[in-house]
Structures are given as structure tokens and as C-alpha cells.
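Step one of this worksheet: look at the structure below.
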Amino acid sequence: MNALVIFGLLAVLMLTGMPISISLGLTVLTFLFTMTQVPLESVALKLFTGIEKFEIMAIPFFILAGNFLTHGGVAKRMINFATSMVGHWYGGLGLAGVVACALFAAVSGSSPATVVAIGSILLPAMVKAGFPNKFGAGVIATSGALGILIPPSIVMVMYSVATNTSVGALFMAGVIPGLALAATLGGVTWYRARKYDYPRQPKATWGERWKAFRASVWGLLLIVVVMGGIYSGIFTPTEAAAMSAVYAFVCAVFIYRDLGLKDVPKVLLNSANMSAMLLYIITNAVLFSFIMTNENIPQALADWMLGNGLGTITFLLAVNIILLLAGNFMEPSSIVLIFAPILFPVAVALGIHPVHFGILMVVNMEVGMCHPPVGLNLYVASGITKMGITELTIAVWPWLLSMLGFLMLVTYWPELSLWLPRTLGMI
2 MNALVIFGLL AVLMLTGMPI SISLGLTVLT FLFTMTQVPL ESVALKLFTG
52 IEKFEIMAIP FFILAGNFLT HGGVAKRMIN FATSMVGHWY GGLGLAGVVA
102 CALFAAVSGS SPATVVAIGS ILLPAMVKAG FPNKFGAGVI ATSGALGILI
152 PPSIVMVMYS VATNTSVGAL FMAGVIPGLA LAATLGGVTW YRARKYDYPR
202 QPKATWGERW KAFRASVWGL LLIVVVMGGI YSGIFTPTEA AAMSAVYAFV
252 CAVFIYRDLG LKDVPKVLLN SANMSAMLLY IITNAVLFSF IMTNENIPQA
302 LADWMLGNGL GTITFLLAVN IILLLAGNFM EPSSIVLIFA PILFPVAVAL
352 GIHPVHFGIL MVVNMEVGMC HPPVGLNLYV ASGITKMGIT ELTIAVWPWL
402 LSMLGFLMLV TYWPELSLWL PRTLGMI
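As numbered in our numbering, the sequence shown has no gaps in its residue numbers, which increase by one up to the final residue, 428.
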């Protein structure tokens, strides 16, 4: 009964158009004051202890690093490198977009940032080269979603905060699925380009490829700094985030010189705004999770599922449906922070590995970012291409179908996610 009241109130507040963070906060406060005897002191204490986790500090640092790179010309150099490598294949610029999104995802941690950075440069170039606007928009909107699967990933940090799972293990677990999804999206791009005979670029010489690589190497080295540092134990994921922010600043301002010192305050302010918004959502989600646990809702759900003989296969299918439906109305951070504390205890009770479950949730978030009505990537791509959301939805469907197929693969083949962190001794 309490669960129905909580979720009913949350749904009503969200349907009024209220921001999710405020909806969460009001739901919790209303429930606390009217239906429980929980002392407010313990709520205040939970509020502070819930957000003083060391891992949360990684979020503003990764946002800052991504903003420096987005404004600092790194994306342009990555596109040039990717085009020199695959531009001569069918749909060359489209394939270069997939490769560039994968490379930029490995340094930014954010899907919308990846779509903006790569799309704003590549989409006009694709139209100029003779590609249909829909094709370019479909490639970039879906490939941009790699930003939250290929590590480092802000959404993975959110999942870690919500479930106390190792961030380092999650990052390593995202590597193989991230590369596999990039290959899948690249395959769809190549097939459609070949089918409709879209333009190909002249084949670059090895000299031109070397020149493009040298120009982009400082941005690419950030991947080595973050992933190498975490794997070798030189620093924790949070320290890696701080290192990436400093490195991105040095790259943008002093090495590439695409960003002047006078522009740095503006980047810092944008990053602070984004971080404050996410931390506000986290704060309210921590309270929501506290109410859930206090009312024994996750435990009751786990007992009900186990008591009715629902196995792993059924549960994972139900999780996918719930998360895909949630993706219609909410953005990834909110979905992870609301649903992870509820579904995670059930997953653990059924013997599903926490890291595998985390990657499953992240892939669901990726699909959610590419379909209406709230798909963030669609809105970002819409701003770049000046296309309507309906038109964009039609444009992305071939890639979206391949992502749904990939989601099923990740769901029922845990080793795809677990092999690398297990081999590295992280789980």
C-alpha cells in the first residue's frame, strides 16, 4: 500500500511537468510528514551521509573535463583521424562519426556532450558531401549514446553511488560492450550506405593518417591516463576524474590553444551548473532510497518474486521493460538513482552479478536517450540538424533496432560484461 502511495504521488507530480528532482523531494517530504514516524533528525543525517561519498566527486570532474574537450577542438582532431582511417569505406563520413563518437566517449563520460562535440562538426560536413540529413542525424544521435557506456561514464558513477558497486570494475566492464556496440552501429551504417550507394571519401595515405594521429594524440592520451591509471592502481576513479579535468584544461588551453584563458571562467560556470543540477537530483534520490528501504519495499519485491518462482530470465526481461518505459519520460541519471536501489536487492537475491546488472542498466539508458519523447540525444541532434523530433525518430530507427538487439545480448550473456574485469582481478 505504501509503495502505491509513494509511486502514485511521484507519478502525479512528474505529470504536472515538475522537474524530477523536485518531484522526488516533495514525494519524500509528503510521505514523511503524513505516513511515517521517522524523526526528521535521522532524515537530515541521511541527507548528509548519502552525498558525502568519495565517488560522487568524480561527477563534477568528468563534467569539467568533457566541457574543456568540447570547447577545446579535441573533437575536430578526432574526427579528422577517424575520417583518415575509415573515410574510404562505404558511408565513410558516417563510419568516421561512429569511430569519433567512440573515441570522444572514452574521454568525456557524457552522451549529450558527445553528440554536440561530434555532431556540430560532422553533420554539416556530411550534408555538404552529399549524405541525406536523416542518415547523418541517425548515425550521430545513436553513436553519441556510447558516451555513457564506454568508460569513463557519469551514469556508471551514479550506479556505483546508488548500489556501492566498484566504479573501477564498472568502467572495465564497459570496455568490451562499448566496443561491441560501436561495431554494431558501424555495421548498420556501412550496410545502409552500401545499400543506397552513399558517397565515399578519397583513401588517405599513411602519411596523412600519421599526421591526423599526431594532431589528435594529446586528446587520445587522456584515455590512457584515465583507464591506465585506474587499472594500474596509480589512482582511484575519482582521482582519475580530477586528473582528466586538469589534463583536458592543459590540452585545450596550452597545447591546442583552441580555448583562451578568458574563456575558462565560462567553462567552469557551465560545469558548475551541470554538476549542481546532478548533485541536487542525487540528494533527493538518496532520500527517496532511504524511504524505500525504511518501508522494506525492495525486500518485499524480492520476496514476492522469489516466492512466485520468477527466475533470472523473467526478472531481467521485466527490468528491461521497466527501464525502457522509464526512458520514455525520464533522463538517465534520475532513472538509475530511482530504480537501482529498488531493483538491485532483487537482482542480488537472484544471483545476478552487481557489475553485470550495472552494465545492463547503462545499455537501457543508452536506448532511452535515442527514443522519444524525452530522448536527450534526439533533442541535442534536433538542435544541430534543425529537424523535428518525429522526423528524427524515423531517422534513427535502423540503429535503434540494432541497439535493442544488442541489449538482449548484454542481458543474457553476462560474460560479455564480466570477462575483462574478472581477467584483471577486479571482481
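Ideal placement from N, C-alpha and C gives every residue a C-beta, glycine not left out.
May I have the straight-line CA-CA distance separating Val356 from Phe340, to the nearest angstrom?
Position 355 of the sequence shown holds residue 356. Position 339 of the sequence shown holds residue 340. Their backbone Cα atoms lie some 15 Å apart in a straight line.
Which residues mark the beginning and the end of the alpha helix (DSSP H) in which Pro342 is found?
Counted from its first residue, the sequence shown places residue 342 at position 341. Start and end: Pro333 to Ala350.
Looking only at its chain, what residues have a beta carbon closer than 7 Å to the beta carbon of Val162, apart from the 5 residues adjacent to it on each side?
Indexing the sequence shown from 1 puts residue 162 at position 161. So the list reads Lys54, Glu56, Ile57 and Ile283, once near-sequence residues are dropped.
Cα-Cα, which of Ala174, Thr386 and Ala241 is closest to Pro125?
Here residue 125 corresponds to residue number 124 of the sequence shown, with the count starting at 1. Of Ala174, Thr386 and Ala241, the residue nearest in Cα terms is Thr386.
Ends of the alpha helix (DSSP H) at Met370?
Numbered from its first residue, the sequence shown carries residue 370 at position 369. Note, Met370: premise wrong, no alpha helix (DSSP H); not H, not E.
In whole angstroms, what is the alpha-carbon distance linking Val87 and Pro200?
Taking the sequence shown and counting its residues from 1, one reaches residue 87 at position 86. Taking the sequence shown and counting its residues from 1, one reaches residue 200 at position 199. The straight-line gap from Cα to Cα measures roughly 13 Å.
Is Gly148 closer than 8 Å to Thr185 when the C-beta atoms are compared?
To locate residue 185, count along the sequence shown from 1; it is residue 184. To locate residue 148, count along the sequence shown from 1; it is residue 147. Contact flag unset, no.
Provide the residue span of the alpha helix (DSSP H) that contains Phe316, from first to last.
Taking the sequence shown and counting its residues from 1, one reaches residue 316 at position 315. Element bounds for Phe316: Thr313 to Ala327.
How would you write the range of the alpha helix (DSSP H) that His72 sits in, first residue to last?
What you label residue 72 is simply residue 71 of the sequence shown in a count that begins at 1. That run of the alpha helix (DSSP H) goes Ala59 to His72.
Which of the three DSSP states, helix, strand or coil, is assigned to Asp264?
As a working note, residue 264 is residue 263 in the sequence shown. DSSP places Asp264 in helix when its eight states are reduced to three.
Pick from Met409, Phe82 and Ser85: whose alpha carbon is nearest that of Ile322?
Your numbering for residue 322 matches position 321 in the sequence shown. Cα-wise, what sits closest to Ile322 is Met409.
Determine the closest residue to Val227 out of Pro20, Gly110 and Leu421, with distance taken between C-alpha atoms.
Sequence index remark: in the sequence shown, residue 227 carries index 226 (1-based). When each option's Cα is compared against that of Val227, the closest is Gly110.
Pair every Cβ in the stretch 74-85 with every Cβ in the stretch 314-321, then say whether three or more of these pairs are closer than 8 Å.
No: fewer than three Cβ pairs fall under 8 Å.
CB of Arg78 to nearest heavy atom of the ligand ADP: below 7 Å?
Within the structure as shown, the ligand ADP is missing, as the structure has no ligands at all.
State yes or no: is the C-beta of Pro299 within less than 8 Å of the C-beta of Pro238?
In the sequence shown, residue 299 corresponds to position 298, counting from 1. In the sequence shown, residue 238 corresponds to position 237, counting from 1. No; because the gap between Cβ atoms is not below 8 Å, this pair is not in contact.
The alpha helix (DSSP H) with Asn3 in it runs from where to where?
Locating residue 3 in the sequence shown gives position 2, where the first residue counts as 1. From DSSP, the alpha helix (DSSP H) with Asn3 extends over Asn3 to Leu16.
Using CA atoms only, rank isn't needed, just tell me which of Ser334, Val287 and Gly352 is closest to Leu307.
As a position in the sequence shown, residue 307 is number 306, starting the count at 1. Among Ser334, Val287 and Gly352, the Cα nearest to that of Leu307 belongs to Gly352.
Which of the three DSSP states is assigned to Gln38 in this structure?
For the purposes of this step, residue 38 is taken as the residue at position 37 of the sequence shown. Residue state, collapsed to three classes: coil.
Which runs of the alpha helix (DSSP H), 4 residues or longer, sit entirely within the stretch 70-154?
You should have 75-87, 93-109, 112-130 and 134-144.
Helix, strand or coil for Tyr199? Go by DSSP, reduced to three states.
If you number the sequence shown from 1, residue 199 lands on position 198. Three-state result, Tyr199: coil.
Tell me where the alpha helix (DSSP H) around Ile353 begins and ends.
As a first step, residue 353 is located in the sequence shown; it is residue number 352 there, counting from the start. From DSSP, Ile353 is part of no alpha helix (DSSP H); its letter is neither H nor E.
Do Ile141 and Ile119 have their C-beta atoms closer together than 8 Å?
Against the sequence shown, residue 141 aligns to sequence position 140. Against the sequence shown, residue 119 aligns to sequence position 118. In this structure, Ile119 lies closer than 8 Å to Ile141 by Cβ.
Kindly indicate which three-state DSSP category Ser24 falls into: helix, strand or coil?
In the sequence shown, counting from the first residue as 1, residue 24 sits at position 23. If DSSP states are grouped into helix, strand and coil, Ser24 belongs with the helices.
Give me the Cβ distance between Gly98 and Leu70, rounded to the nearest whole Å; I'm assuming they're in contact under 8 Å.
Start at 1 with the first residue of the sequence shown, and residue 98 comes out as number 97. Start at 1 with the first residue of the sequence shown, and residue 70 comes out as number 69. The pair is not a contact, with the Cβ atoms about 17 Å apart (cut-off 8 Å).
Should the stretch 16-26 be regarded as contacting the stretch 269-286, the criterion being three or more beta carbon pairs within less than 8 Å?
Touching, yes, given that three or more Cβ pairs across the two stretches are closer than 8 Å.
Do Val158 and Ile60 have their C-beta atoms within less than 8 Å of each other?
The count along the sequence shown starts at 1 and reaches residue 158 at position 157. The count along the sequence shown starts at 1 and reaches residue 60 at position 59. It is a contact, given that the beta carbons lie within the stated cut-off.
Would you kindly work out how many angstroms separate the C-alpha atoms of Thr309 and Ala303, rounded to a whole number?
Indexing the sequence shown from 1 puts residue 309 at position 308. Indexing the sequence shown from 1 puts residue 303 at position 302. According to the sequence as given, residue 309 is Asn; it is not Thr. Cα to Cα, the separation comes out at about 10 Å.
Could you work out which residue in Gly328, Trp207, Leu182 and Thr190 is closest to Gly406 when comparing CA atoms only?
Within the sequence shown, residue 406 is the residue found at index 405, counting from 1. Answer by Cα proximity: Leu182.
Closer than 7 Å by C-beta to Cys252: which residues in its own chain qualify, once you throw out the five before and the five after it? Chain order, please.
Here residue 252 refers to the residue found at position 251 when the sequence shown is read from its first residue. Excluding sequence neighbours, Cys252 sits near Gly73, Val75, Trp219 and Gly220.
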